[in-house]
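K.L.:
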């Protein structure tokens, strides 16, 4: 058989302990599968979506209610995207908590952070593309955070929104970024990310002499596990799609105030919670950016794991990095919970 | 990974696909309607196919649903579909009537064509309640005369056509009143104007806005949708506000009448009232015209300024026959009215009674022998009557108000 990218990703054998679900949590692989799901469903949605302020929300209603199985496609796209954010976050936690970011994988770690950011931007742009009353926070408050950035804020806002307020150009720009710019970057960087895994020596593992369990699994076993995960993931996405339809609301109409839900999308609830406490630039831009920078630079700032400790959870030598990510993660979770529990309808 | 685990996962996926089929099956079947007025597909009838057509003048193939009701035309989910409906279930509520019923081709057209319904009703005393407010404020010293200054809402009229018309009314603000009686009036007595929610209970059951009159409600259960607009308004609908009791100036409260009207002849009018035979046979709208009931487009200080039809309008006097007009124009307003409420088979060349202000009483017709026929607008009942002229009636020419007629024609009970 001719070698292919598939073979590049699936070596003849890989170490058994590190191929276990309880080590990887399957998060990276599931993320790849979810990207395929959202791309496939997204392409189908593009046949009906109309990227104009007048047409957007009604075309979403058309997909949700009138196109045969459009509801399934849309709900799978929605739940696939939400699950993707969750899966890449879990993947990040797994990589840091197992020390998988240590050299020579530091570059791929940076690529991974880039992919996480791309996923967030894709979710955010996709969310705004609904152009209905439910996206008020994202469209008004969320994007206005850009203007608080000193010096470049106003210009950046114009670049993102296509004007000094939301309008027809905003939909087109968000659409272009969503289906083309960001997706192209996601696919390109994603392929690079996958390519680098093998180049960096496969999944991180201790040197052969230090391995407790030297057993390995075959390529076919790996594929079986991937198929298993994909089957389960698909079933879960379908069940979620049936039980919890993607949010939808009345269109934002010309000349009408946007009066809908003022809540941020769930992955920005923590930022919304921070914003309630003070300066929008500091709390809404600087703090999140600082946290992102901290996480990005973890491999460079804090001691990495010793090679003999690789291939297991919580290597003691990189405790500082684990605590740093743990604190950031716990803070984000706590802020999200606070926002969910105590603020049902504030800006 | 055992084959068994894989098969289990595959079975789970299969089960979820059955879930998809189940979900698809229980979704409402999209049923499209493309009303000719909008040309935009709407799917309301997917769920509302059983609703009766609202009126002959609003065929669903022409109007659809959304042009009046608003709402999300594409949504097959009740919550979303209904989320942007105008006035909830009643698009004729005055808070939204302009968007629902307005438009130059609809009900905010020109007065000449008689299509200025919204302007007329919004300026009418039934909506402004200006007469009652002026009476009470005058009685308790809050204003020096009976000329209305305030309405339930602020309103203005840019085109005054009568001598008693007012240019504008301010909003009546109870908090700004110093007299406790006027404040009590505001609290207890403002439930009959057309924007007000009715008092609880079956006898008062009506909707608000245009539908207060044009959607005769059969039940106090106002949550039950009544999909009907009609110009055939029975006296029972007028009765949801009128003839239900009295507001007592001493305690500033509404005192409902004790007896529940059952037999129209015996009980309909309040015990103190006199009435003549025709008044309990006919419905209110058989005599009272559209201008009287819905306003003439001017703001008035009391209903006396707008109510003008008298017995003589149809019966004439000893010296004069009632005013009549032979309809020659197929576009005549009388035909439009007769189309909306086809109780009479009106033809070009028919002679109908017209009021002193020129309104055609389109449900009447002069017969070859000089007598007249009238068709009840709500009942369709045919009645014939003759003019006073040439009879032994002893009325005096300057005594034409109904009380003078009651002197002889009152019904005993």
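Residue numbers (the numbering used here), protein chains in the order written: chain A, 1029 to 1375; chain B, 9 to 421. Note that beta-carbon positions come from the ideal geometry of N, C-alpha and C, so glycine has one too.
#1: Any beta carbon from chain A within less than 8 Å of residue 173 of chain B's own beta carbon?
#2: Can you list, in chain order, the residues of the stretch 1267-1278 of chain A whose Cβ is nearer than 9 Å to any Cβ on chain B?
#3: I need the boundaries of the alpha helix (DSSP H) containing residue 48 of chain B, first residue and last residue.
#4: What residues of chain E sit near residue 1262 of chain A, judged by a beta carbon separation below 8 Å?
#5: So if I threshold CB-CB distances at 7 Å, which residues from the stretch 1075-1096 of chain A count as touching chain B?
#6: Could you have a look at residue 176 of chain B and say whether DSSP puts it in helix, strand or coil?
#7: Using only the alpha-carbon positions, how far apart do residue 1032 of chain A and residue 1222 of chain A sit?
#8: Would you list the residues sitting across from residue 359 of chain B in a DSSP beta bridge?
#9: At a Cβ threshold of 8 Å, is residue 1249 of chain A touching chain B?
#10: Any idea which residues DSSP pairs residue 381 of chain B with across the strands?
#11: Apply the 10 Å Cβ neighbour rule to residue 202 of chain B and answer buried if 16 or more other Cβ atoms are within range, or exposed otherwise.
#12: Given this structure, state the Cα-to-Cα distance separating residue 1148 of chain A from residue 204 of chain B, to the nearest angstrom.
#13: Smallest Cα separation from residue 1254 of chain A: which of A:1051, A:1043, A:1060?
#14: Less than 8 Å between CB atoms is the rule here; does residue 1255 of chain A satisfy it with respect to chain B?
#15: Check each candidate in A:1203, A:1125, A:1076, A:1199 and name the one with the smallest Cα separation from residue 1052 of chain A.
#16: Would DSSP call residue 1375 of chain A helix, strand or coil?
#17: With a threshold of 8 Å on Cβ separation, who are the neighbours of residue 28 of chain B within its own chain once the five nearest residues in sequence on each side are excluded?
#18: By alpha-carbon positions, which one of A:1352, A:1329, A:1043, A:1202 ends up nearest to residue 1240 of chain A?
#19: Starting from residue 256 of chain B, follow the beta strand (DSSP E) in both directions and report where the run begins and ends.
#20: Could you have a look at residue 307 of chain B and say whether DSSP puts it in helix, strand or coil?
#21: Between the stretch 1134-1150 of chain A and the stretch 1354-1361 of chain A, are three or more C-beta pairs nearer than 8 Å?
#22: What residue ranges within the stretch 117-176 of chain B form continuous alpha helix (DSSP H) runs of no fewer than 4 residues, ordered along the chain?
#23: Look up residue 284 of chain B in the DSSP assignment and say whether it is helix, strand or coil.
#24: Could you work out which residue in B:138, B:19, B:95 is closest to residue 306 of chain B when comparing CA atoms only?
#25: What runs of the alpha helix (DSSP H), each 4 residues or longer, lie entirely inside the stretch 1161-1204 of chain A?
#26: Which whole-angstrom value describes the C-beta separation of residue 1317 of chain A and residue 1330 of chain A, a residue pair presumed to lie in contact below a C-beta threshold of 8 Å?
#27: So what does DSSP say about residue 93 of chain B, is it helix, strand or coil?
#28: Closer than 7 Å, Cβ to Cβ, to anything on chain A: give me those residues from the stretch 88-110 of chain B, in chain order.
#29: 8 Å is my cut-off, CB to CB: does residue 1102 of chain A come that close to chain B?
#30: Residue 27 of chain B versus chain A: which residues are under 8 Å apart at the beta carbon?
#31: Looking at chain B, is there any beta carbon in it that lies within less than 8 Å of the beta carbon of residue 1050 of chain A?
#32: Any C-beta of chain A sitting closer than 8 Å to the C-beta of residue 158 of chain B?
#33: Under 8 Å by Cβ, that's how I've got residue 364 of chain B and residue 331 of chain B pegged, so tell me the actual separation to the nearest angstrom.
#34: Mind checking the stretch 1156-1181 of chain A against chain B and listing, in chain order, the residues whose C-beta falls within less than 7 Å of any C-beta there?
#35: Keeping to the same chain, check which residues put their C-beta closer than 7 Å to that of residue 117 of chain B; ignore five residues upstream and five downstream.
#36: Look up residue 261 of chain B in the DSSP assignment and say whether it is helix, strand or coil.
P.N.:
Concretely, from the data shown:
#1: Translated into the one-based positions of the second chain, residue 173 of chain B becomes position 165. Not an interface residue.
#2: 1267, 1269, 1270, 1271, 1273, 1276, 1277, 1278
#3: Translated into positions along the second chain, residue 48 of chain B becomes position 40. Note, residue 48 of chain B: premise wrong, no alpha helix (DSSP H); not H, not E.
#4: No chain E appears in this structure, whose protein chains are A and B.
#5: 1086, 1089, 1090, 1093, 1094
#6: Position 168 of the second chain, counted from the first residue, corresponds to residue 176 of chain B. Correct three-state label for residue 176 of chain B: strand.
#7: Taking the first chain and counting its residues from 1, the one referred to as residue 1032 of chain A is at position 4. Taking the first chain and counting its residues from 1, the one referred to as residue 1222 of chain A is at position 194. Between residue 1032 of chain A and residue 1222 of chain A, the C-alpha separation is close to 13 Å.
#8: Translated into positions along the second chain, residue 359 of chain B becomes position 351. Note: residue 359 of chain B is bridge-paired with B:334 in the DSSP secondary-structure output.
#9: Start at 1 with the first residue of the first chain, and residue 1249 of chain A comes out as number 221. Any Cβ of chain B closer than 8 Å to the Cβ of residue 1249 of chain A would place that residue at the interface, and such an atom is present.
#10: Within the second chain, numbered from 1, the residue matching residue 381 of chain B stands at position 373. The partner list for residue 381 of chain B (beta bridge, DSSP) reads B:373, B:392.
#11: By 1-based counting over the second chain, the position of residue 202 of chain B is 194. It is buried - the Cβ of residue 202 of chain B has at least 16 other Cβ atoms within 10 Å.
#12: Taking the first residue of the first chain as 1, we reach residue 1148 of chain A at position 120. Taking the first residue of the second chain as 1, we reach residue 204 of chain B at position 196. Cα to Cα, residue 1148 of chain A sits roughly 50 Å from residue 204 of chain B.
#13: Here residue 1254 of chain A refers to the residue found at position 226 when the first chain is read from its first residue. Checked all of A:1051, A:1043, A:1060; the closest Cα to residue 1254 of chain A is A:1060.
#14: Taking the first residue of the first chain as position 1, residue 1255 of chain A is located at position 227. Judged by the 8 Å Cβ criterion, residue 1255 of chain A is in contact with chain B.
#15: As a first step, residue 1052 of chain A must be located in the first chain, where it is residue number 24. Of A:1203, A:1125, A:1076, A:1199, the residue nearest in Cα terms is A:1125.
#16: Along the first chain, one-based indexing puts residue 1375 of chain A at 347. Any reading at residue 1375 of chain A needs caution, since the residue's pLDDT is 40, under 50, leaving its predicted position unreliable; the model's value is listed next. Coil at residue 1375 of chain A, not helix or strand.
#17: On the second chain, position 20 is the one that residue 28 of chain B refers to. Taken in chain order, the list of residues that qualify is empty.
#18: Position 212 of the first chain, counted from the first residue, corresponds to residue 1240 of chain A. Considering only alpha carbons, the answer is A:1043.
#19: Here residue 256 of chain B is taken as the residue at index 248 of the second chain, counted from 1. It spans 253-256 - the beta strand (DSSP E) in which residue 256 of chain B sits, taken as one unbroken run.
#20: For this step, residue 307 of chain B is matched to residue 299 along the second chain. Here residue 307 of chain B carries a strand assignment [DSSP, helix/strand/coil].
#21: no
#22: 125-131, 133-136, 138-147
#23: Taking the first residue of the second chain as 1, we reach residue 284 of chain B at position 276. Residue state, collapsed to three classes: strand.
#24: For the purposes of this step, residue 306 of chain B is taken as the residue at position 298 of the second chain. Minimum Cα distance to residue 306 of chain B is reached at B:138.
#25: If we require 4 residues or more, the alpha helix (DSSP H) runs fully inside the stretch 1161-1204 of chain A come out as 1171-1175, 1181-1189, 1196-1204.
#26: Taking the first chain and counting its residues from 1, the one referred to as residue 1317 of chain A is at position 289. Taking the first chain and counting its residues from 1, the one referred to as residue 1330 of chain A is at position 302. No, residue 1317 of chain A and residue 1330 of chain A are not in contact; Cβ-Cβ is about 19 Å, not under 8 Å.
#27: As a position in the second chain, residue 93 of chain B is number 85, starting the count at 1. Correct three-state label for residue 93 of chain B: strand.
#28: 88, 91, 92
#29: In the first chain, the residue the question calls residue 1102 of chain A occupies position 74. With a threshold of 8 Å between beta carbons, residue 1102 of chain A makes no contact with chain B.
#30: Along the second chain, one-based indexing puts residue 27 of chain B at 19. For the C-beta of residue 27 of chain B, the chain A residues within less than 8 Å are, from N- to C-terminus, 1266, 1267, 1270.
#31: Here residue 1050 of chain A refers to the residue found at position 22 when the first chain is read from its first residue. False, the Cβ-Cβ gap to chain B never drops below 8 Å.
#32: Reading the second chain from its first residue, position 150 is the one you call residue 158 of chain B. Taking 8 Å as the threshold, the shortest C-beta distance from residue 158 of chain B to chain A does not fall below it.
#33: Here residue 364 of chain B refers to the residue found at position 356 of the second chain. Here residue 331 of chain B refers to the residue found at position 323 of the second chain. Confirmed, about 7 Å.
#34: none
#35: Working through the second chain from its first residue, we reach residue 117 of chain B at position 109. For residue 117 of chain B, where only same-chain residues beyond five positions count, the Cβ hits under 7 Å are 123, 124.
#36: Against the second chain, residue 261 of chain B aligns to sequence position 253. Strand at residue 261 of chain B.
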